[in-house]
Every structure is written in C-alpha cells, then in structure tokens.
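J.:
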Amino acid sequence: MSTPTDAEAITYIRAINLALDDALAADDSVIVFGEDVGIPNGPFGASKGLRAAYGDRVFDTPISESAMIGAALGSSMAGLRPVVEVMYADFLLVAMDQIVNQVANTRYVSRGRLTAPMVIRTQQGSTPGSCAQHSQSLEALFAHIPGLRVAVPSTPQDAYSVLRGAISSDDPVMVFESRRLYPSKGHVRRDADARIGVADVVRQGSAVTVVTWGTSRPLCEEAVDSLALQGYECELIDLRWISPWDTETVLASAARTGRLVVVHEAVRNAGFGAEVVSTVAESLGGQLQACRRVGTLASPIPSSPVLSAQLLPSVDTITRAILDTIGEK
Amino acid sequence: MSTPTDAEAITYIRAINLALDDALAADDSVIVFGEDVGIPNGPFGASKGLRAAYGDRVFDTPISESAMIGAALGSSMAGLRPVVEVMYADFLLVAMDQIVNQVANTRYVSRGRLTAPMVIRTQQGSTPGSCAQHSQSLEALFAHIPGLRVAVPSTPQDAYSVLRGAISSDDPVMVFESRRLYPSKGHVRRDADARIGVADVVRQGSAVTVVTWGTSRPLCEEAVDSLALQGYECELIDLRWISPWDTETVLASAARTGRLVVVHEAVRNAGFGAEVVSTVAESLGGQLQACRRVGTLASPIPSSPVLSAQLLPSVDTITRAILDTIGEK
Amino acid sequence: MMAAEVDDYRDMLRIRLIEEELLKCVQDGRVIGSAHLCIGQEAIPVGACRALKSDDPVVATYRGHGWALAKGVPPVQFIGEVMGRDSTLNGGRGGSAYLSSPDHAFMGENSIVGGGLPMTLGLAMAHQRRATGLIPAVSIGDGAMNQGNVHESLNMGSVLGIPFIVIVENNGYAEMTPSTDLTATPAAVRAAAYAIEAIEVDGNSASAVAEATRRARELAISTQRPVMVEAHTRRLGGHYSGDAQAYRPKGELEEWGRLDPLTRARSLLDPTVAEATYQQVVAEVADAFARAAQLPAPLEEEAMKHVYAN
Amino acid sequence: MMAAEVDDYRDMLRIRLIEEELLKCVQDGRVIGSAHLCIGQEAIPVGACRALKSDDPVVATYRGHGWALAKGVPPVQFIGEVMGRDSTLNGGRGGSAYLSSPDHAFMGENSIVGGGLPMTLGLAMAHQRRATGLIPAVSIGDGAMNQGNVHESLNMGSVLGIPFIVIVENNGYAEMTPSTDLTATPAAVRAAAYAIEAIEVDGNSASAVAEATRRARELAISTQRPVMVEAHTRRLGGHYSGDAQAYRPKGELEEWGRLDPLTRARSLLDPTVAEATYQQVVAEVADAFARAAQLPAPLEEEAMKHVYAN
Ligand SMILES: Cc1ncc(C[n+]2csc(CCOP(=O)(O)OP(=O)(O)O)c2C)c(N)n1
Ligand SMILES: Cc1ncc(C[n+]2csc(CCOP(=O)(O)OP(=O)(O)O)c2C)c(N)n1
Ligand SMILES: [Mg+2]
Ligand SMILES: [Mg+2]
C-alpha cells in the first residue's frame, strides 16, 4: 500500500488504517479481525487493503461479539496480539461479560501469569440521523473497570499513536474512535510519542482549565478560540486516555486557574467528567472556585437532528459553561 | 404464608420476600421469575413460598440472562409487571445489551407509547471468599444510562419499600440488593413511604456530610457513631436511590457543612461517588472546602479475605476520610 | 384469488416505491442519515402480515420499513418519521432504523442484530398469560442466527412453552459478507436444536410466505412453542443506502434481479389491472411524500420528554 | 491395562478425598466462602486429561477442582489456593471458583456460566496459527448450553475452522433445577446446529471418557473444527458446599450413588491393590492438607499488584 509522507495530511480513518498496517508489518503476532473487516475492507475502511497485504491475519467473523472478544482474549493469552473491531460502541454491550468479567480479570487473578495484550477498537458518538442504538458514547462504563485501559483519540495523529501504543501495550486496551471525526484531516508523524495516559495540552491559558476528549475536542477548540478573541485565555487539555489519565497535567493546570470545565459527548450524568471534577475537587478543596460539566443531557439520542441537537454538547453550551465558571467567585 | 407483625424484626432477605408476596397479592399482573426462583424458592430464598402460593406466576428459567431480561421487557410492554431476578450483579453483564439498548430506550424512542414497567432484582458486593466474578458492585454503570431507575437499599425497611416502589413504578427499575446484608434484621412497616429517589437522613450533624448507599451504610454508621463520641457530629445520608437521587437533601446538607465524604463499595474510580461529589462541587464552588471519596481501590476483587480487605472500604478508611475533610481548611 | 394477487402486488409495490424514493431522499438530503432498504424482500412482510392477525404484535430489524407498512402504518406518517418529522409514530425519535407504531401492533424495529428476539419472547409470554389469542412474530436476518440472544430466546421459548413466530429472512448477505461464510448451518436446521418446528419457504412469493406463516401460526398455537419460518430471498440493494456493493460477484445483481418478487407478482396479473394498480400506487406514494414533507419539524422543547414516566 | 485402571482409581480418589476434606474445611472455616464440588463427576476430568496432551490448554468452570488436579496441579498448592493462602497458583486471588495454573496448561476456572467458551475459541485460534499441535479443551455444564456465548463460540469455531474440544458434563442439574426443565435438546443434538461432531459417553467411566476424548481430539484435528463430548454423569453432592438439596426427589441420591464412578473404578481392581492405593492416597491427601495449612497468608501489600502490566 502507498504510505503517506509525513508532510501529507491524512484522515483520521486513514491514520487508523496506517497504524494497523504498520503494526501488522512490525509484528507477526498481530492479527486483525471483526465483522466485514477482512475481505470487505472494514465497514468504515479501517482495514482497507490489509487482507490483500496480510492474508488471513486479517479476517471476517460472524456477528457474534461475545465470541469475537473471547477469541481476542484467548489468542492474546496464547501469544498473539489481536486487534478486534466492534463496529459500534453500542454493540460492546452484547459482549460486556467477556470484556469485564473475562478480559479485565485475566492478569490480576492469575497474579500476572496470564495476560491479555489485546486491543478492542470501536467507534462511537452521534451523527445526524443515527438512532439511539448507534449513538452512545460509552467510555465511562469501561473506565470504571480495573484491568482495562481506555483511550478516546480525537485527531489523526492521536488515532495513529494511540492505536500503536495500544497494540504494543501488555494490557487490554479499548480504543474509542470517533465516527464523526473519521473524515477530518491532519498530519501524522509515525514516530510521535505513543506513551499511554499522556494528555495533550492543546491551548495554554490561565482563566480556566477546559478538559475534554474524543468527539468534543473540536467543539472545545472552537469555543476556546472564540473566547480568546474576547480576552479569556483558556487552557484546553485533551486527555486522549481516560484510563490511565493524566491527573498530573490536569491538577497542575486547575491549581493555576482555580476553574474547571470538563466536556464530553457521553451522557453527563455519571460520565467520566465526574471523575475528573471529583479528582480535582478532592485535591484542591476550596481552591477550586468553580467547575462545570458539559455532556449529553440524560436522554437516549433521538434520530432527528433537530432533537439530538438539543441534547448534545455544542460550542454554545461549552462557551456558556466556561463563562459561568469565570463569572463565579 | 405467615406474615410478620410490624413489631417483629425481620431479615433483609425476608423483607424482599414479603415485598414480592405483597406485590403478587396486590396485582395480578405481577410475575416473578429467574434462575431457581420458582420451585427451589430462590437461590437466596427471596422467593420462598411464592411458587406454592402463586403457582406459575412464579417460575424458573434457563441460565439465559439476555432472554430473561428480554422476557421481562416484552411482557412489561404487553401489560404485565414482571420482576426478574438476576442472581449476581456480575451476571447483568451478559445481558447488558438488553438492559441498555432495549429496556432503557423503550419509552423515550416510542415517545411514551411503549413502556417497560419492569423490575430487575439483583444482589451485589463482596463477601469473604467470593471471587472476582461474584464480587462487583456495578450500580454506576446503570446510573449512567438514561431511561433506567436504580436503587441500592441497605436496610430491611428500605429493601421492602424500594421493591414495592419499584414494582409500582411505570419505569424500568434496577434494584441492587446486598448479599452481605441479607441476614441483617430490622423492623419493616409495610405502609412506609415508598417514594422513589428520596434519601434517608440517618444521622444529623454539622461537621461534615457523609453520603452512602448499599453495603457501605453499616460501615458509615459505625464510623460516624464513633466519631460522635469524639465530638465530631457528622450528617449521614443514605441515598437509597441513585437514579434519581436526592440532590436536594445532599446539597442542603453540604451547603451547611462545607465538607463532603461519599462512600460506596463500588470501585472508587469513575464510581457514582464521582457524580455526587461533582454535583456538589458544581453547586457550591469554593464553598465546598473539602471532599473525599471512599470506594474499592482500582482492582478486581481477590478471593482471599486477607487481600480483599486491603481493597474494600472499611470503618477505618471511612473514618480517616472524614477526619481528613475536617482537618482541611 | 385474483383479488389477493392484486393486493399482494399493490402492497409490495407500495413498499418498493416508497423505499426507492427514500433512497433518493437520503441522497439529496431530505432524509438525514442512512436507510436499510428491503428491496427484493417485500414479499416476506406482505405475505406474513397477510397471515397474521392484525393485532398480532410484530418486531422487526433496522430493515423494517416493509414490516411497518405491511402492518398498516400509514405511509404519510411512516415517511415523516424516516424524514425526522414530528410524525405520529415517534416524532422523529425512531427514524429509519428504530421506529415503532404500537397502534398498528408494530412493536418496533431494532438496530441491534438479534436484539428483538428476547422482547418477542416476552411479548408472547404476556399474550399467552393474558389469553389474548395473539401470536407475536419477529423478523430477523440470517446473520442474526449467530447472536447469543437469539439462541437463548429460542431455547427459553421452547422449554417454557411460549408460542411466537420467528421469521428468518435469508437474503444471502450479512452486511458485506455472504451469509454462508458466517453460519455453520441454515436457520431451519438450527430449529431442531430447540425442538421447534421450522418451515422453509420461497421468500419471493407473498402467497407462499402467507401460507407458511399461516401454518407457522397454527403450529405455534398447537405446539405452544416458537416456530421458525426461514424465507429464502435476495437482497437486491446495498446493505444500507450508502453501500457501493463492491463486494458483489459480477453478474450477481442481474441474476438475482430476475427473481425480483415484484416482477413475478406483476406477471401473475392481467396487464391492464397491473398497470392501473401501478399508476394508482405511484400516485398514492407521490401524494404521501408530498404530505409527509408538510409535517412539522419536531419541537425542540420536547427533546427531553418521555425519558421517564414523569 | 491394570496399571491404567489403578491410575484412574488413584487420580479420581485423590480428587474425591481432597474435595471431601475441602467440604469439611468450608464447614469448619478453614476455607472461607463456598466451594462447588465435582463429587461423582471425577471420571470426566481424569479420563479427559488422560487423553489430552499434557500441554493442551484446559479451561474449566467453578466446578473445576477435578480439572486442575487432573492437569497435574500439585495438591498442596491447589489446596492452599482454595484456602486463600499465598499459593504458587494465584496467591489466593482465584480461590475455589476461579483458580488457574498456566504452568500446568490449566488456563483457569470460570465463574460465569459458559464464560470460558469464547476464550477457548481464542486459545485454539492462537495454537492453530502458531502450529503448536495443541488442542484446547473446555469443560462446561449442561445448563451452560443455554448461554449465548456458548452458541456464538461453537458457530464461530465451526465456520472459521478452529479445532477445540468442548466437554459438556451433563450432571442432571443446573443448580437446583433439573437440566431437562431448562434445555430443549441435549447438548449432543445441538452439535448438529454447528455442523460439528458430537460424541456421547458414559461420564462415570474414566476409560470411556479417555477414549471419547481421544477420538474427539483426532476429530478436532481431522475436521479442523470444534468437537463436542457430552459426558453423562450425576452430581452426587449439592450445587455448592452450602446446598441443603431439599429439591432432590426422595431416593435420588441413593440411586445415583450406586453409579458412583469411584465405586466402579475400585471394583475393577484387585482388592489388595485397591486398598493399598486407597491408603496411599489417604496419606498423600492428609499430608497435602497439612502442608497447605503451612503456606503463608497472602501479603497484604501485594493486594494491588498485577492489575496492570506496570
Ligand atoms: C449486535 C450487532 N452487531 C453488529 C451490528 C451491525 N450490523 C448491522 S446489520 C448487520 C448484518 C446483519 O445481517 P443479517 O442478520 O443477515 O440481516 P440483513 O441485514 O441481511 O437483513 C450487522 C453486522 C449490529 N447492528 N448489531
Ligand atoms: C451467567 C451466569 N448466570 C448464572 C450463574 C449462576 N450459576 C452458577 S452455576 C449455575 C448452574 C450451572 O449449571 P450447569 O451448567 O449444568 O453446571 P453444573 O453446575 O451442573 O456443573 C448457575 C445458574 C452464573 N455463574 N453465571
Ligand atoms: Mg442477511
Ligand atoms: Mg449441570
């Protein structure tokens, strides 16, 4: 396959494709599978060309997510490094036992004698017209489970680096990609830092700390950039990983600003934003002068974009939350 | 069946049994089913005598939790009020799609034309020797899902009232009981307030607000009572319900005390305690002088009680967290 | 007999023309999102709903437009729902892939493969206990036979003695992969694993499907168990509206097209009657789209309603 | 032949005596928690492991003590693990119901019904790709046949051509409910739904199980698919250590007891050899318990180790 030069901007989905390609080339023990992943090149094209290039190391499976996750688990226990694709995060739910009761316990219960160096790739979030069963952002459910690593990349570079880092990791990693951002473009350096759990400080500022990840990052950039024009300098941090997450960077920033806004597309209530706010509140006590969470309102996502727009985070709701924290003393 | 007089103390599990009995007697549309629920009287005795009393309205199912939840969903859509028992909360995970993608969406997506007035009863928590797949406290996963109601009762009275309230509710309710507390005794008034989402203020005090639910309540009582002897008057609130939860009571208390400790047995990281802390922090801003969460450390639960004791909340860790918040200015 | 054949043709044609227009709507932006069309499979919902009682509850998949229409959901409201309007179905909440209309005993599409089976078991449980005499039916794809929830529901229905009908629409593909690559044995063979009856039928003939469903309904009642109907058909379009179908073997679409159930249904009719029917449905569908387009947009302030009872 | 029969008796007896003592341990508090014993089913793990290669990975259920011991896990460490000591297996993390010993190709018990099937498929996938020549085996109960993950794994193994062995221990019960009330058809009948071979065997004869497993292993290799062994047996104790078994029909235990595989195995031996073997195992087991009791308690400061790689 032709590979992009570092100077060329590529799409998020192409960055995933490239990461899989590079991982397959680098390590014989990597296998890639899922529904329509092999011969049809992947439902979203993530595995385009890989079957042709790597033969049966890239293959299709029946619509059986529990068996798929188990296949990844067992093969990782026996020396392979499987990357299994689950088409939509919503479908993780049919395989939840395998992820939580099986994969996550492997290393701990065996005292490190068994390991599960596997990756579950999926994509999530609402796109206009997608129904309640194809729109959820579910990362919080997995961040609560000890033994799992969870990443939520939002740029082509991070999509590439996170996936390479995930495949090299000796722990099971769940990568939540963003379907909405698949067509977005950016430069990808294949030798960029792929360390797990390191946040990206997207903008520096002293007025307020804004923490985000995944699909919400572009909205936050827009909000923060337009507030900058109004003289409010916000610090914008993209966590990239929520398990583990970069508490150090966030705490240091919040200690400086005393104000915190956390933004994610997942339902606000009991979302991972609560963990970020709580961690900061526990650490800063009364020094945390104001905080807000922005997330999807507590509702399933309706298909109609007119309705879903009322529920999902927007540049507007993010901007208001930021101004709210600045207004408060 | 013989029914206890209000003066007689009964066990938590007997209170559940009584609630099921009373609900079956009160409403013909109630059915009760699950694994070993009918003829064997329930794995923990929750349905003792009910098969004999109510015939095939109480019945056994195969070990097929997805089909069980679906059976409850469909029958509730068609006019019944099913109560399905899932033996351990850990097993909810094999039926997660049915709960999240099916049950929770029913009312919203149909715009209220279809409803799912069903109850999922389960029990959770660690008991000495129980393995990682039989020890988890999973309420946070469900509190994140719009459309579901979630209760975590901790006393015989609450076990009774919550279950009656759940069965009368027109929404799907998940009741997380506590296996460890099944033998604990208390008085049960069958006409007690069964309103959904109302917290119980267990102790009043002005030094710090302690919020808890489920298996952790007795530990909190012990900690708070011994601190009272040292002159620290803590306000102890048992939420009973975490979806919806009694934000009003908690916010009012925290506004008075300026200090908050949240205690639950679920893993601390991304647990529902984070939602409670965040909600209070958002509301009080810098007035929240100190807060702490106590929960299970981020690890699967080992079978050995020597090890699990290192991970689970204890009177000691709760006491220290409370003193920490008091020590902070 | 002639009347039934005209009805079949008309009802199938209505589905076909509505879906063809919906495909255009997706392409030109009148429908936001995607759609999973049942083009080539219309004989199954039309035939099955002919045999079911009108109150028999039906559960379908994301490929459920034909089922909704065959259950009698009014086209204007149906189209409005797919278009994300404030329809009387779900007011735009369901959309193409997850709509329902309990007024027409259409209990809903389902966008989780196999996800509707467990709820159908439950519907059947309630109708049996309430002695309504109704028999629920659920449609799934051939690929869904490999989902755990389908397996669990069929076994549970069998051992608990719950009558319902499972219609497996074997259309040759699961998304972009040929079904035979995914499933060890055909659906009808699997019925034996659940000790339930199975009927195989030519899914491109509405009358054959109706007859099979009638038998299935009787068997469900007499055996008090689930009954399976495996309807053999061909998906004549993409998996969804945006599917370029590059995976199709050359010539397949042409060959399968010759089995188009609509062509066959039309060939059974007197040409004059056929043409008159055709023109009538064309006009009816055009009118339905025109009226659906007039339906108001959903009210923004309603977005948070009905998450809970109150 | 005599030697094999002595071995069978000895290995089954070791499991039996260890479990009988463990039951006492649960009752007197030396084991904290509960235990799911395989009393009456010992011939299955002993027979099967005789036929498997010693490196063939094995996955079991919570009722897996027999499998661990039959795979050669040292009794002292095994007992220590169940007692929650700092054993070389899992240092008390696994306990009775979730222990593993990869050194002995014992990949672990599983406390989720059917939960070990998908991982066995994966183990088999890796061994096939790595051409190790090893064939993984998984044991499940009859009740587990109704879990979705079992269905999915058998189909996927069949269509992808992955060889492994599923041993279904049909012991008459799922917890407190007779299996026949729960499962529409016996396991062996279901094999046809996955186009895989099934072998039924008397699960109370170690030699019969060994022979069946040997055939299954050959079939797995020659067909490159999963193969099922349905072993008919009887659970001679409670579902778990605290089970009062009130649900048992009167006389059942007595009747089933007459089929006790240990009685049968002993009857095949010369009485003197049998008694000598018996005494030897009694002494061995007593010694193992004594030594297990000496194992240190787990180190508190280790409780948080191995959640992640580092
Ligand atoms: C649990 C789950 N896994 C995967 C998908 C994605 N998906 C949607 S349709 C489909 C193919 C289904 O094939 P089949 O059952 O034959 O039905 P058909 O689309 O052919 O009507 C897949 C894999 C899904 N919706 N749900
Ligand atoms: C998913 C799941 N559901 C329920 C249980 C509770 N449970 C443990 S063992 C058991 C019975 C299993 O019966 P069977 O498969 O026949 O195995 P046996 O215990 O007879 O060996 C049940 C229901 C569980 N562990 N996991
Ligand atoms: Mg299909
Ligand atoms: Mg059994």
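Chains as they are written, first to last, in my numbering: chain Y, 2 to 330; chain S, 2 to 330; chain G, 912 to 1221; chain E, 912 to 1221.
Just so it is clear, CB atoms sit at the ideal spot from N, CA and C, and this is done for glycine as well.
All values reported here derive from a predicted model rather than from experimental measurement.
#1: Select from the region 986-1013 of chain G all residues with a C-beta closer than 7 Å to any C-beta belonging to chain A, and list them in chain order.
#2: Compare the C-beta of residue 973 of chain E with all C-beta atoms of chain G and state if any pair is closer than 7 Å.
#3: Cβ of residue 182 of chain S within 7 Å of Cβ of residue 13 of chain S?
#4: Let me know the secondary structure DSSP gives residue 239 of chain Y once reduced to three states.
#5: So what does residue 260 of chain S bridge to, in DSSP terms?
#6: Could you list which residues in chain S have their beta carbon closer than 8 Å to that of residue 290 of chain Y, in chain order?
#7: Under 6 Å Cβ to Cβ from residue 330 of chain S, same chain only, skipping five residues before and after it: list those, please.
#8: Rounded to a whole number of angstroms, what is the C-alpha to C-alpha distance between residue 144 of chain S and residue 265 of chain S?
#9: Please state whether DSSP places residue 953 of chain G in a helix, a strand or coil.
#10: First and last residue of the beta strand (DSSP E) that includes residue 1081 of chain E?
#11: Using a Cβ distance threshold of 8 Å, determine whether the region 1067-1084 of chain G contacts the region 1030-1039 of chain G, with at least three qualifying pairs required.
#12: Under 7 Å Cβ-Cβ, which residues of chain G neighbour residue 135 of chain Y?
#13: Since residue 1017 of chain G is in the beta strand (DSSP E), which residue starts that stretch and which ends it?
#14: At least one CB of chain G closer than 7 Å to the CB of residue 127 of chain Y: is that the case?
#15: Measuring from the CB of residue 1082 of chain G, is there a heavy atom of ligand 1 at a distance below 6 Å?
#16: Can you pull the DSSP bridge partners for residue 1113 of chain G?
#17: Beta carbon of residue 1061 of chain G, beta carbon of residue 1025 of chain G: below 7 Å?
#18: Output needed for residue 19 of chain Y: all residues of its chain with C-beta closer than 8 Å, excluding positions within five of it in sequence on either side, in chain order.
#19: Can you tell me the Cβ-Cβ gap for residue 33 of chain Y and residue 58 of chain Y, rounded? I've got them flagged as a contact below 8 Å.
#20: Go ahead and pull the three-state DSSP assignment for residue 165 of chain S.
#21: Taking only three categories from DSSP, how would you classify residue 216 of chain Y?
#22: What number of angstroms, rounded off, separates the C-alpha of residue 35 of chain S from the C-alpha of residue 1035 of chain G?
#23: Tell me whether residue 1053 of chain G, by its Cβ, gets closer than 6 Å to a heavy atom of ligand 3.
#24: Quick one: is residue 1127 of chain E near chain G, going by C-beta distance under 7 Å?
#25: Does the beta-carbon of residue 1085 of chain E, which I'm using as the reference point, lie nearer than 6 Å to any heavy atom of ligand 4?
#26: Within a Cβ cutoff of 6 Å, which residues of the same chain sit near residue 1215 of chain E, ignoring the five residues on either side of it in sequence?
#27: Taking beta-carbon pairs under 9 Å, can you tell me which members of the region 1138-1166 of chain G lie near chain E?
#28: Hey, residue 1200 of chain G and residue 932 of chain G: beta-carbon distance below 7 Å or not?
#29: State whether the region 315-329 of chain Y contacts the region 173-180 of chain S, with contact taken as three or more CB pairs (one from each stretch) at a distance under 8 Å.
#30: Just mark residue 882 of chain E as buried or exposed, buried being the case when its beta carbon has 16 or more other beta carbons within 10 Å.
#31: Taking the continuous beta strand (DSSP E) assigned at residue 187 of chain Y, which residues delimit it?
#32: Please report how far the alpha carbon of residue 912 of chain G lies from the alpha carbon of residue 1181 of chain G, in whole angstroms.
#33: Identify, in the order they occur along the chain, each residue of the same chain with its Cβ nearer than 6 Å to the Cβ of residue 1009 of chain G, setting aside the five sequence neighbours on each side.
#34: Using a Cβ-Cβ cut-off of less than 7 Å, list which residues of the region 1082-1099 of chain G approach chain Y; keep chain order.
#35: Select from S:64, S:93, S:209 the residue whose C-alpha is nearest the C-alpha of residue 1084 of chain E.
#36: So residue 124 of chain Y is in the beta strand (DSSP E); what residue range does that whole segment cover?
T.: Looking at the coordinates:
#1: Of the chains in the structure shown, none is chain A; the protein chains are Y, S, G and E.
#2: no
#3: yes
#4: strand
#5: S:291
#6: 286, 287
#7: Because residue 330 of chain S sits at a pLDDT of 45, beneath the cut-off of 50, its placement in the model cannot be relied upon, and the following sentence gives the value as read from the coordinates. No residues qualify anywhere along the chain.
#8: 14 Å
#9: coil
#10: 1076-1081
#11: yes
#12: 1022
#13: 1017-1019
#14: no
#15: yes
#16: G:1143
#17: yes
#18: 4, 5, 11, 161, 189, 191
#19: 7 Å
#20: helix
#21: helix
#22: 17 Å
#23: yes
#24: no
#25: yes
#26: none
#27: none
#28: yes
#29: no
#30: The structure shown does not extend to residue 882 of chain E, since chain E is modelled only from 912 through 1221, so no value can be given for it.
#31: 186-188
#32: Because the pLDDT at residue 912 of chain G is just 48, under 50, the model does not fix this residue reliably, and the value given afterwards should be weighed accordingly. The straight-line gap from Cα to Cα measures roughly 13 Å.
#33: 1020, 1022
#34: 1085, 1086, 1087, 1088, 1092, 1093, 1094
#35: S:64
#36: 120-125
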